[in-house]
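K.L.:
Handing you this structure, nothing more for now.
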Amino acid sequence: MYNLDQHESYNDFKSFNVIEPLINKVMSETNYNFNTFNKLIPVFADDLAGAIVSPAAIVNNKNTYRNTQWTNKDELSAKIKGDIFELFVMFTLQYFRGPDVFIKHGTYTQVNDAFDVGMDFFGISEFNRTSRIFGQIKYRTPNIKMTPDEIPFNRTVCYKLIGAATVNKQFDFNKDVILLVTNINLNDALYFKLKEDIGVAGVNPSADSNHQYIKFIDKSVFQNLIKFNYQSFWLDFLDEFK
Numbered sequence: 457m458y459n460l461d462q463h464e465s466y467n468d469f470k471s472f473n474v475i476e477p478l479i480n481k482v483m484s485e486t487n488y489n490f491n492t493f494n495k496l497i498p499v500f501a502d503d504l505a506g507a508i509v510s511p512a513a514i515v516n517n518k519n520t521y522r523n524t525q526w527t528n529k530d531e532l533s534a535k536i537k538g539d540i541f542e543l544f545v546m547f548t549l550q551y552f553r554g555p556d557v558f559i560k561h562g563t564y565t566q567v568n569d570a571f572d573v574g575m576d577f578f579g580i581s582e583f584n585r586t587s588r589i590f591g592q593i594k595y596r597t598p599n600i601k602m603t604p605d606e607i608p609f610n611r612t613v614c615y616k617l618i619g620a621a622t623v624n625k626q627f628d629f630n631k632d633v634i635l636l637v638t639n640i641n642l643n644d645a646l647y648f649k650l651k652e653d654i655g656v657a658g659v660n661p662s663a664d665s666n667h668q669y670i671k672f673i674d675k676s677v678f679q680n681l682i683k684f685n686y687q688s689f690w691l692d693f694l695d696e697f698k
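Position one of the sequence shown corresponds to residue 457 (our numbering), numbered consecutively onward.
See the structure below:
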């Protein structure tokens, strides 16, 4: 229903049984919401990465994730964190209804790594079926101080996405949307020079009138969408892996 099986990590997460214990842990917490899920992603990613790069797994050639052999736990954990969040975004953007940034059921298309030149996904707008959404997703471990190089969205990332959408999909600046998605607060996720370029300022950041085709989803948006103890949302997400 939500095309999650398009994602390259989907089958691995099913075979390793990652999502069910993660969601069960989320719902076991008091007043759980997106913030709970966000904080638990690194815990489950580290556990899975540790199992895959364990000596026994390596000796028995079972250290495979996404058809790649892994021996570096930190690199694999970073990949798993990003994949969990990408699947969550894929589900969430099709689950909810509203303007600008939500995607019509079944039209969310994940771009596989082999073809990723700056675009993670695209789909048809739920709000305006003549518009398309082209997105880039960046996960960062919450509450960890980032170096300037680790800030998710800089000019290179943003302009690569715009370039890929324009060259490959004939992006229409008058009606299509460029969407930057992150699990942290937007002010922390945008490099200051990108903010300057697209006119982002204020408490509730948005691009200026010349860049209205650029939209954002950050931690605060997910928290507003997924209220405390929103059991049906999490169970519906879990159902996609059964």
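We treat Cβ as the ideally placed atom computed from N, Cα and C, and that holds for glycine.
As the structure is a computational prediction, the values presented were derived from the model and not from experiment.
Near Ala513, which residues of its chain fall below 7 Å by C-beta distance, leaving aside the five closest residues on each side in sequence?
P.N.:
The count along the sequence shown starts at 1 and reaches residue 513 at position 57. Ala507 and Asn519, listed in sequence order.
K.L.:
Ile682 to Pro661, Cα distance in whole Å?
P.N.:
The residue given as residue 682 occupies position 226 in the sequence shown. The residue given as residue 661 occupies position 205 in the sequence shown. Each residue's Cα considered, the two are about 20 Å apart.
K.L.:
One question on the structure: do Leu635 and Val613 come within less than 9 Å of each other, judged by their Cβ atoms?
P.N.:
Taking the sequence shown and counting its residues from 1, the one referred to as residue 635 is at position 179. Taking the sequence shown and counting its residues from 1, the one referred to as residue 613 is at position 157. Cβ atoms of Leu635 and Val613: not closer than 9 Å.
K.L.:
Please give the ranges of any alpha helix (DSSP H) in the stretch 483-553, keeping only runs that are unbroken, at least 4 residues long and fully inside the region.
P.N.:
You should have 490-508, 511-515 and 529-551.
K.L.:
Assuming the contact rule is C-beta atoms closer than 8 Å, Ser533 and Asp502 should be a hit. Round their C-beta distance to whole Å, please.
P.N.:
Along the sequence shown, one-based indexing puts residue 533 at 77. Along the sequence shown, one-based indexing puts residue 502 at 46. About 5 Å; that satisfies the 8 Å criterion.
K.L.:
Taking only the alpha-carbon atoms, compute the straight-line gap between Gly579 and Lys560 and give it to the nearest angstrom.
P.N.:
Residue 579 sits at position 123 when you count from the first residue of the sequence shown. Residue 560 sits at position 104 when you count from the first residue of the sequence shown. Distance between the alpha carbons of Gly579 and Lys560: 7 Å.
K.L.:
Look up Phe629 in the DSSP assignment and say whether it is helix, strand or coil.
P.N.:
If you number the sequence shown from 1, residue 629 lands on position 173. Phe629 falls in the coil class under three-state DSSP.
K.L.:
Tell me which same chain residues have a C-beta within less than 6 Å of the C-beta of Ser581, skipping the five on either side of it?
P.N.:
Here residue 581 corresponds to residue number 125 of the sequence shown, with the count starting at 1. Cβ within range, chain order: Ser587 and Ile589.
K.L.:
Looking at C-alpha atoms only, which residue of Asn643, Asn641 and Tyr647 is the closest neighbour of Glu606?
P.N.:
Here the question's residue 606 lines up with position 150 in the sequence shown. The candidate whose alpha carbon is nearest that of Glu606 is Tyr647.
K.L.:
Starting from Phe472, trace the alpha helix (DSSP H) both ways and give me its first and last residue.
P.N.:
The residue labelled residue 472 in the question sits at position 16 within the sequence shown. It spans Tyr466 to Phe472 - the alpha helix (DSSP H) in which Phe472 sits, taken as one unbroken run.
K.L.:
What three-state label does DSSP hand Lys671 in the structure shown?
P.N.:
Position 215 of the sequence shown, counted from the first residue, corresponds to residue 671. Three-state DSSP puts Lys671 in a strand.
K.L.:
If you measure between the beta carbons of Phe547 and Leu460, is that distance less than 9 Å?
P.N.:
Here residue 547 corresponds to residue number 91 of the sequence shown, with the count starting at 1. Here residue 460 corresponds to residue number 4 of the sequence shown, with the count starting at 1. It is a contact, given that the beta carbons lie within the stated cut-off.
K.L.:
So within the stretch 580-618, which uninterrupted beta strand (DSSP E) runs reach at least 3 residues, ignoring any that extend past its ends?
P.N.:
For the stretch 580-618, whole beta strand (DSSP E) runs of length 3 or above, ordered along the chain, are 588-594.
K.L.:
How many Å lie between Ile654 and Ala663 at the Cα?
P.N.:
Stepping through the sequence shown from its first residue, residue 654 is reached at position 198. Stepping through the sequence shown from its first residue, residue 663 is reached at position 207. Rounded to whole angstroms, Ile654 to Ala663 spans 6 Å at the Cα level.
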